[in-house]
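Numbering (the working numbering), first residue to last: 31 to 238. Don't be surprised by glycine CBs; every beta carbon is placed ideally from N, CA and C. What follows is one structure encoded as structure tokens, with my remarks underneath.
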Amino acid sequence: MKNIVVLVSGGGTNLQALIDAQKSGKIVNGKITCVISSNPDAYALERAAQNDIETAVIRRKDFSEFDEYDIALTTLLKEKHADLVVLAGFMTILGSKVIAAFENRIINIHPALIPSFCGEGFYGLRVHEAALKKGVKVSGATAHFVNEECDGGPIIIQKAVEVKNGDTPETLQRRIMEQAEWKILPEAVSLFCQDKIKVVNNIAVIGD
Ligand code: GAR
31 MKNIVVLVSG GGTNLQALID AQKSGKIVNG KITCVISSNP DAYALERAAQ
81 NDIETAVIRR KDFSEFDEYD IALTTLLKEK HADLVVLAGF MTILGSKVIA
131 AFENRIINIH PALIPSFCGE GFYGLRVHEA ALKKGVKVSG ATAHFVNEEC
181 DGGPIIIQKA VEVKNGDTPE TLQRRIMEQA EWKILPEAVS LFCQDKIKVV
231 NNIAVIGD
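Printed below as a string of structure tokens:
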């Protein structure tokens with residue numbers, strides 16, 4: 031059974047999708063053992079507490095140097111015996127130490143079809159604002175491993191979602207969450223926990 035540690039910053043609807051998937055047996059060979067937030071007021075922490083999941087808070091601003099923060103987060107994840115780290119709306123950039131310590135063991139959910147609308151500065155509603163500004167007719171979500179390149183790691187699962195006339199960033203965000211993020215994130219996590227994802231030359235290959 032793999033220990034899944036989920037990193038959050040906000041409302042935690044993706045965390046909720048993981049909790050619901052776990053309850054209905056859709057996360058095979060994995061268990062959410064800890065939720066770590068960058069924000070002590072994140073509602074995601076309530077969701078964890080309601081489900082008797084251990085929580086912790088680590089804030090970038092409590093460390094004067096980025097390197098110290100990077101080391102502290104790496105140490106915390108090791109203390110929690112994380113086999114898999116999931117970024118579920120985690121809004122702090124990860125450092126090179128934590129990425130190296132958990133190579134191909136950190137999964138992020140991004141609310142667009144990578145390589146569109148991704149990279150530095152593309153997070154939360156900004157992603158959907160950019161998609162609407164461009165006038166794309168299809169957007170979606172991507173579950174991918176995290177490497178040194180922001181939103182550039184191996185893609186595990188993608189799901190397309192239609193953009194509709196009159197969409198606002200908020201309506202598009204909600205549709206992408208409902209139709210894509212809340213489905214593909216638990217799927218990717220379950221595949222990982224069953225050792226069904228191999229990374230070859232920076233490409234993720236899903237096996238049986
Ligand atoms: C989600 O839409 C997630 O894809 C996005 O933030 C939202 C968090 O919502 N993540 C990023 O933009 C990361 N670049 P949640 O807290 O309700 O899961």
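8 Å Cβ cutoff met for residue i and residue j
i, j, result
"Asn209", "Leu143", "According to the sequence shown, residue 209 is Gln rather than Asn. Contact: no."
"Cys148", "Lys110", "no"
"Asp68", "Phe120", "The residue asked about is misnamed: residue 68 is Ser in this sequence, not Asp. A contact, by the Cβ cut-off of 8 Å."
"Ile139", "Asn44", "yes"
"Asp97", "Gly125", "yes"
"Val219", "Ile57", "yes"
"Gln203", "Asn59", "no"
"Ala161", "Val116", "no"
"Leu215", "Ile236", "no"
7 Å CB neighbourhood of residue i in its chain, flanking five on each side removed
i, result
"Lys127", "Asp100, Ile101, Thr104"
"Ile206", "Pro141, Ser169, Gly170, Ala171, Val191"
"Ala234", "Phe175, Pro184, Ile185, Ile186, Ile227"
"Pro70", "Val87"
Near ligand 1: residue i beta-carbon under 7 Å from a heavy atom
i, result
"Val157", "yes"
"Pro141", "yes"
"Gly42", "yes"
"Gly119", "yes"
"Gln52", "no"
Beta-carbon proximity list for residue i, same chain, < 6 Å, skipping 5 on both sides
i, result
"Ala112", "Asn33, Val35"
Residue i beta carbon near ligand 2 (any heavy atom closer than 7 Å)
i, result
"Tyr99", "In the structure on display, ligand 2 does not appear, and the ligands it does have are ligand 1."
Minimum C-alpha distance to residue i - residue among the options
i, options, result
"Ile66", "Leu75, Ala131, Val58, Gln203", "Leu75"
"Leu114", "Gln203, Ala131, Phe152", "Ala131"
"Gly182", "Ile129, Val166, Lys164, Gln52", "Ile129"
"Ile62", "Leu107, Lys163, Asp71", "Leu107"
"Asn177", "Lys163, Asn232, Thr201", "Asn232"
"Tyr258", "Val166, Ala118, Gln52, Met31", "Limits of the chain in this structure are 31 at one end and 238 at the other, which puts residue 258 out of reach."
Neighbourhood of residue i by C-beta, 8 Å cutoff - its chain only, sequence neighbours within 5 removed
i, result
"Asp238", "Lys226"
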